[in-house]
Amino acid sequence: MESNTFYDIYLEELKNLPQGTPEEETALLKKLTEGDKTAVSRLTELKLTKAVQIAEEYHDRGLPAGDLVQEANMALFLFASEYENGDFDAQMEKKVRAAIEDALQIQNRETKIEEEMAARVNVLKDISASMARELGREATLAELAERMKMSEDEIRDIMKLTMDAMKVSGQAAEMAQKEIDEQE
1 MESNTFYDIY
11 LEELKNLPQG
21 TPEEETALLK
31 KLTEGDKTAV
41 SRLTELKLTK
51 AVQIAEEYHD
61 RGLPAGDLVQ
71 EANMALFLFA
81 SEYENGDFDA
91 QMEKKVRAAI
101 EDALQIQNRE
111 TKIEEEMAAR
121 VNVLKDISAS
131 MARELGREAT
141 LAELAERMKM
151 SEDEIRDIMK
161 LTMDAMKVSG
171 QAAEMAQKEI
181 DEQE
């Protein structure tokens, strides 16, 4: 099977990790509870597959699979580094799930903010065009702010976002054209 994404390659690499035994895991946990942090790396390695399985349960909830696995792996490593005692698997699963759910909440908040800003940009564009027709000229910043019931600084911020988006869009188009030219 040919892997075509970093995530697929990672999953293939996981299969090549040396498997542990219950005895090895018990010995590693004992070392950790005794304060020997050299066991963290191997214990983490043993639990990576479980972290991936947990991450895959959150598929299609707002983050790409690779990001979910990264969050799971970081939570696993941090937990293994801080482990003191108790049921390692249950505590690890709880920490991994909490890290993934936090990442999803952050992503959802960011998406909502982006959508709200896009809506504001569109409203500003529509109002600006409408006022230009009404006034026979471009509306001033103060006029736009008054009409939209916002401060001039808020209008400036929205305009800056619009300009930044246009700049990024122009750069993306330029890069795409360059790639097309190079292929010819």
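Numbering-wise, full-length UniProt numbering puts 63 at position 63 of the sequence shown, and it's gapless, one number per residue.
From the three backbone atoms N, C-alpha and C, an ideal C-beta is built for every residue, glycine too.
Only a predicted model underlies this, so the values are computations on that prediction, with no experimental measurement involved.
Taking the alpha helix (DSSP H) that residue i belongs to, which residues open and close that run?
i          : result
residue 10 : 6 to 15
residue 67 : 65 to 82
If you draw a straight line from the alpha carbon of residue i to that of residue j, how long is it in whole angstroms?
i           : j           : result
residue 93  : residue 82  : 14 Å
residue 185 : residue 72  : The requested residue 185 is not part of the displayed model; the chain covers only 1 to 184.
residue 145 : residue 111 : 25 Å
residue 160 : residue 130 : 20 Å
residue 41  : residue 25  : 12 Å
Closest to residue i by C-alpha separation, out of the options, would be which residue?
i           : options         : result
residue 69  : 79, 78, 53      : 53
residue 125 : 147, 85, 9      : 147
residue 107 : 86, 85, 152, 60 : 60
With a CB to CB cut of under 7 Å and the five nearest residues on each side skipped, what residues in its chain are close to residue i?
i          : result
residue 88 : 29
residue 3  : With a pLDDT of only 46 at residue 3, under the threshold of 50, the placement of this residue in the model should not be trusted, and no figure is reported.
Apart from the five residues on each side of it in sequence, which residues of its chain come closer than 6 Å, Cβ to Cβ, to residue i?
i           : result
residue 20  : 46
residue 32  : 39, 83
residue 77  : 44
residue 132 : 138
Which runs of the beta strand (DSSP E), 3 residues or longer, sit entirely within the segment 89 to 134?
none
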